[in-house]
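Single-structure report; data block below.
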Amino acid sequence: MIKKYFLLLTGILIFRFSTAQDVFQHISNTNIYDFLDELSNQQMITINTAIKPYSRQLIAQKLAEAFAHIDKLTKNEQKQLDFFLKDYNKELLPGKTGYKKRLDLFYYKDTLFTFSINPIVGYEYWKNENGSAYHRWVGAEAFAYAGKHLGIYASLRDNHENQALELPPYLTQRPAAVYKGSALAGGDYSEARGGIVYSWKWGHVGLVKDHFTWGTNYNGSNIFSGRTPSFAHIKLNIKPVSWFDFNYIHGFLVSDILDTGRSYPAGAAERQVLVPKYLAANMFTITPFKNFNFSFGNSIVYSDEFQLAYLVPIYFFKSVDHTQTNTGGNFLGQNAQFYFDISSRQIKYVHLYLTFFVDEVAFGNVWDEDKQSNFFSGKIGAAITHPFIPNTTFMAEYTRTNPITYKHFVITTTFESNGFNMGHYLRDNAQEIFLGIRCRPIPRLYLNASITAAKAGENYPYLGTGGSGKGLPFLSDVKWQNNCVSFKAKFEVINDGFVFAGIDYGKITGDSAYVETYTPALFRGKTTTLSAGINIGF
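If you're matching positions, the sequence shown starts at -9 in my numbering and goes up one per residue.
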């Protein structure tokens, strides 16, 4: 125990007297994210869970803070904390010896330079009444710290599926894929992520290509869900005081819309050029009370040409758009949104939250059913950690998204990248009820059970003229629904290396055209799906 407290003291001193270097832990690493959420629900640490990914430095800092409450943690949590510190002690301790370190393919550290590289490899298999499918992947991930301020990280993963499971129309939470060749038959796709980040004690700025999520959730955010293929973006975070946290991105999206004016003959075929498409978004987080965060912000999707004004991170972007396009109508303007997020952990063990995403609200007609244009998505939820069973969290969440919310009549400014919606995975005119339990009966064994009832209504057109989009009823006719009971188990054998298995009892029904459009063939109808796999790396 004395050795452990010495480790904690060393980590705190390093954080207090050294400058920061940031690289980011991918949002798919639910093992560490769920553990930090569990600690936060118990008021062992404070963390802004509305903005992800976290940097490795932030994760290490929060693990060190949890160590200060070591006597209040369960034996299970103490062992889990020790397990994670095998990895994140790389950020806490000055050397690479003197502690139990995780297994790395290669790791080097001195006073100036740190470098780590590890393999990525995995395989997942599904089997049910409709047939079978598999997904395999291989690649590598690395990160480095240089000097006192610079962080660099990269991940490359090559994927193969024998049938497509992640096409843009599908209502699924699986990460998006951009297939090579014929998508319906499956095939290959790759995902390259990474970035270079300059950090200081109270912030960072970087150029990255990565996934991110904004909005508190336990089953899919309705602000930025992180489901699109990763896209390049400028990333800024400023946290000068404990009660204020600011985040901004400027992203370079993929429109998938051909710019016929810029395309040109290039030998045997035409050189095809896509319409440029961009995203600017900010989020202000204020903490007026301990364990209570109020976040608010706005975003704009714009196209055709890069606009310098949207590099100013604190703007209300819709006002900028009005200035630049006030001589034209709706079809000259851009696509703006605003949102807020409330997260409260003031009651120990209890997490209450509310998120609201607004594309348009006409306050003059808000109560007029025939004229209203209430294009918004709302989510409300709660989680309770350690209610009856140690190391267990119960979750309940409801999401409602009105018609047209994520749509836009200008096809080059839709809330999408590569054709994938950036918001909630069910898109508009949909709702979801989610009940879940996650448990860790022994360290490194993660069990999850959930019940999901999801519905989607008619896919209304949105033309932007003649009253299109106004007065549309919410879920007046259910076209697609998915009722699913799911059980998952995962055991982390080594850091970032685990085996997993699951069983899903699903019933996806509705209008046949919608079911075929929204669902991979493997999961249509009533199915019992068995799955299993192995994975190393994120």
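For glycine and all other residues, C-beta sits at the position ideal for the given N, C-alpha and C.
Please report the straight-line C-alpha distance between glutamate 131 and valine 468, rounded to a whole angstrom.
Their backbone Cα atoms lie some 43 Å apart in a straight line.
Counting only the same chain and skipping the five closest in sequence on each side, list residues whose C-beta sits under 6 Å from that of glutamate 81.
Taken in chain order, the residues that qualify are Arg46, Gln47 and Ala50.
What residue range is occupied by the uninterrupted alpha helix (DSSP H) comprising threonine 20?
20 to 31 is the span of the alpha helix (DSSP H), which, as asked, contains threonine 20.
Report all residues from its chain with a CB closer than 7 Å to the CB of asparagine 540; omit the five preceding and five following residues, and keep chain order.
Given that the chain is displayed from residue -9 to residue 528, the structure contains no residue 540 and the question cannot be resolved.
State buried or exposed for leucine 248, treating a residue as buried only when at least 16 other CB atoms are found within 10 Å of its CB.
Classification for leucine 248: exposed.
May I ask which residues mark the beginning and end of the alpha helix (DSSP H) holding glutamine 68?
Note, glutamine 68: alpha helix (DSSP H), 65 to 82.
Looking at the unbroken alpha helix (DSSP H) that takes in aspartate 616, where does it start and where does it end?
This structure leaves residue 616 out entirely; the chain is present only between -9 and 528.
What number of angstroms, rounded off, separates the C-alpha of lysine 267 from the C-alpha of phenylalanine 399?
One C-alpha to the other measures close to 15 Å.
Nearest-angstrom Cα distance between glutamine 32 and glutamine 324?
Going by the C-alpha atoms only, they are around 43 Å apart.
Determine which residues share a DSSP beta bridge with tyrosine 339 and list them.
Answer is none; tyrosine 339 lacks a bridge partner.
How is the alpha helix (DSSP H) around glutamate 422 delimited, first residue to last?
Careful: glutamate 422 lies outside any alpha helix (DSSP H), inside the beta strand (DSSP E) at 420 to 429.
Taking the straight line between their C-alpha atoms, what separation do you get for glycine 515 and leucine 226?
About 45 Å.
State the start and end residues of the unbroken alpha helix (DSSP H) segment that holds glutamate 46.
The identity of residue 46 in the sequence shown is arginine, whereas the question assumes glutamate. Taken as a continuous stretch (DSSP letters only), the alpha helix (DSSP H) holding arginine 46 covers 46 to 57.
Distance check for alanine 326 and arginine 417, CA to CA, integer angstroms please.
Cα-Cα distance, rounded: 17 Å.
Below 6 Å CB to CB, which residues in the same chain sit around asparagine 79 once its five sequence neighbours on both sides are set aside?
Within the same chain, asparagine 79 has close Cβ partners Tyr89.
Residue range of the alpha helix (DSSP H) that threonine 507 falls in?
Here the alpha helix (DSSP H) through threonine 507 covers 502 to 508.
Starting from lysine 225, follow its DSSP beta bridges and name the residues at the other end.
DSSP output for lysine 225 lists Gly196 and Ile239 as bridge partner(s).
Please name the residue, chosen from Phe234, Asn392 and Gly85, that lies closest to phenylalanine 286 on a Cα-to-Cα basis.
The shortest Cα separation from phenylalanine 286 among Phe234, Asn392 and Gly85 belongs to Phe234.
Looking at C-alpha atoms only, which residue of Tyr452, Leu435 and Leu425 is the closest neighbour of isoleucine 394?
Ranking Tyr452, Leu435 and Leu425 by Cα distance to isoleucine 394 puts Tyr452 first.
In three-state DSSP terms, what is alanine 511?
Correct three-state label for alanine 511: helix.
Could you check if asparagine 525 is buried or exposed, using at least 16 other CB atoms within 10 Å of its CB as the buried criterion?
Per the 10 Å Cβ criterion, buried.
Rounded to a whole number of angstroms, what is the C-alpha to C-alpha distance between tyrosine 44 and alanine 54?
Rounded to whole angstroms, tyrosine 44 to alanine 54 spans 15 Å at the Cα level.
Using the DSSP secondary-structure output, state which residues sit across from valine 187 in a beta bridge.
BP columns for valine 187 point to Gly141 and Gly196.
Helix, strand or coil for phenylalanine 330? Go by DSSP, reduced to three states.
Residue state, collapsed to three classes: strand.
If you run the structure through DSSP and keep just helix, strand and coil, what is tyrosine 300?
Three-state result, tyrosine 300: helix.
Using the rule of at least 16 other Cβ atoms within 10 Å of the residue's Cβ for burial, across every protein chain shown, is aspartate 494 buried or exposed?
Flag for aspartate 494 reads buried.
Using only the alpha-carbon positions, how far apart do lysine 42 and serine 309 sit?
Near 27 Å, if we compare the C-alpha coordinates of serine 309 and lysine 42.
Beta-carbon within less than 6 Å of phenylalanine 5's beta-carbon, same chain only, minus the 5 sequence neighbours each way: which residues are those?
Residue confidence is low: phenylalanine 5 scores 47 on pLDDT, short of 50, so the model does not pin down where it sits. Its coordinate-derived value is still stated next. Contacts found: Gln51.
Taking the C-alpha atoms as reference points, what is the distance between threonine 203 and leucine 344?
Rounded to whole angstroms, threonine 203 to leucine 344 spans 15 Å at the Cα level.
Tell me, to the nearest whole angstrom, how far the beta carbon of isoleucine 379 is from that of cysteine 429; I am working on the premise that it is less than 8 Å.
The Cβ separation is near 7 Å, so the contact holds.
For lysine 539, count neighbouring C-beta atoms within 10 Å of its own C-beta (all shown protein chains included) and say buried if the count is 16 or more, exposed if not.
The structure shown does not extend to residue 539, since the chain is modelled only from -9 to 528, so the question has no answer here.
Return helix, strand or coil for phenylalanine 7, following the three-state DSSP convention.
In this predicted model, phenylalanine 7 has a pLDDT of only 43, less than 50, meaning its place in the structure is not dependable; the value taken from the coordinates is given anyway. It is helical.
Helix, strand or coil for isoleucine 37 per DSSP?
It is coil, neither helix nor strand.
Skipping 5 residues on each side, what residues in its chain have a beta carbon closer than 7 Å to that of threonine 517?
Same-chain partners within the cutoff: Asn118, Glu119, Asn120 and Gly496.
Taking asparagine 288 as the reference, which of Met412, Asp294, Leu298 and Ala270 has the closest Cα?
Of the candidates Met412, Asp294, Leu298 and Ala270, the one whose C-alpha sits nearest the C-alpha of asparagine 288 is Ala270.
Taking 8 Å as the cut-off, does the region 248 to 264 touch the region 443 to 463 (at least 3 CB pairs, one atom from each stretch)?
With the cut-off at 8 Å, the region 443 to 463 and the region 248 to 264 do not touch.
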